[in-house]
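Peer 1: The structure under discussion is supplied below as structure tokens; questions concerning it will follow.
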Amino acid sequence: MKPIVISGPSGGGKSTVIAKAMEEYPNGFAFAISHTTRKPRPGEVNGKNYWFVTEEKFKEMIKDNEFLEYATFGGNMYGTSKKALGDVSKAGCVCILDVELQGVRSIHKCGLDAKYILIRAPSLEILAELKVTVSLIYWICSDLFLDLFAEIQIFAINKLRYQEQRLRARKTETEESLKKRMKHAEDDLNAVDAEPGLFDFVIINDDFERAYNDFIKAIEEELAELMSLKHGVKTH
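Structural data, given as structure tokens:
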């Protein structure tokens, strides 16, 4: 079964989609537990949420080529070890790697045969699509169009603000780390156009049920293999 590499900005609904899939298919999915140098947050358990290690230990693992991917984010180091991926596969589960955009690029470079999925909130999606037709309709109804475009700008900006508010509500972000996360959300928007081969599927989470169904459809091959493995049926 191919591992599932999932990326997307914080506050975009990615974690909720993953959580529902794990609930619907118990014992079917498992995270490749990442290593990090950051301090545990309240309620986090070592070996369940992350492997919490010192910076010295993390750098030692880099030197020993133990990571499939690693990155520095918000002043802390994060990485997915090759062993973590293997442990999930041995357990007979579909492995989920929840990584930042930089990590997706690193995993691609390693040549891992995986399914790459981006899940994000709509944000400026409407503006991005609208740019294609701007030059065609502007001269037809310039005054009306300017009013409409202004309304759409307000809508898109509010979407980003909503995402920012969700992050602030967590009360785990400093102002600096929040700005960096919002910058990452913008990077996700740009990466789809700049690097079309980076993701196999891009899911826009403007409606949760639709986004979840799109996710399940994207991984239907892996689910079929999972079901056959659990029930002892061979697939061709």
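Numbering (UniProt numbering), first residue to last: 1 to 236. Here a beta-carbon is modelled for each residue, glycine too, at the ideal position from N, C-alpha and C. Keep in mind it's a predicted model, so treat the numbers as computed, not measured.
Measuring alpha carbon to alpha carbon, tell me which of M1, S15, I4, E100 ends up nearest N205.
Peer 2: Here the closest residue by C-alpha is S15.
Peer 1: Whose C-beta lies closer than 6 angstroms to the C-beta of D200 among residues of the same chain, with five residues either side of it excluded?
Peer 2: Counting only Cβ-Cβ distances below 6 angstroms, and skipping sequence neighbours, we find K115, Y116.
Peer 1: Rounding to the nearest angstrom, what Cα-Cα distance links H35 and F215 in this structure?
Peer 2: Answer to the nearest angstrom: the Cα atoms are 26 angstroms apart.
Peer 1: Rounded to whole angstroms, what's the CA-CA distance from W139 to S10? Just pull it up for me.
Peer 2: With a pLDDT of 46 at W139, under the threshold of 50, the modelled position of this residue cannot be trusted; read the value that follows with caution. Rounded to whole angstroms, W139 to S10 spans 39 angstroms at the Cα level.
Peer 1: Is the stretch 60–72 close to the stretch 80–88, with three or more CB pairs under 8 angstroms?
Peer 2: Touching, yes.
Peer 1: For a test of the three-state rule: what should DSSP assign to R120, helix, strand or coil?
Peer 2: Three-state result, R120: strand.
Peer 1: From F52 to V202, what does the alpha carbon distance come to, in whole angstroms?
Peer 2: Answer to the nearest angstrom: the Cα atoms are 31 angstroms apart.
Peer 1: Can you tell me the Cα-Cα spacing of G92 and A30, whole angstroms?
Peer 2: Using only the alpha carbons, I get a separation of about 9 angstroms.
Peer 1: Just to check my reading of the structure: V104 and S7 have Cβ atoms closer than 8 angstroms, yes? What is that Cβ distance to the nearest angstrom?
Peer 2: With a Cβ gap of about 5 angstroms, V104 and S7 count as contacting.
Peer 1: May I ask whether a heavy atom of the ligand FAD can be found less than 8 angstroms away from the beta carbon of P26?
Peer 2: With respect to the ligand FAD, the structure shown offers nothing to examine, as it has no ligands at all.
Peer 1: So is P3 buried or exposed if we call it buried at 16+ other beta carbons inside 10 Å?
Peer 2: So P3 ends up on the buried side.
Peer 1: DSSP three-state label for D200, please.
Peer 2: In this structure, D200 counts as coil in the three-state DSSP scheme.
Peer 1: Taking the DSSP output, what are the residues bridged to M77?
Peer 2: Paired residue(s): T72.
Peer 1: DSSP on I216, reduced to helix/strand/coil?
Peer 2: In this structure, I216 counts as helix in the three-state DSSP scheme.
Peer 1: Tell me which same chain residues have a C-beta within less than 8 angstroms of the C-beta of M22, skipping the five on either side of it?
Peer 2: These residues qualify, in order along the chain: G28, F29.
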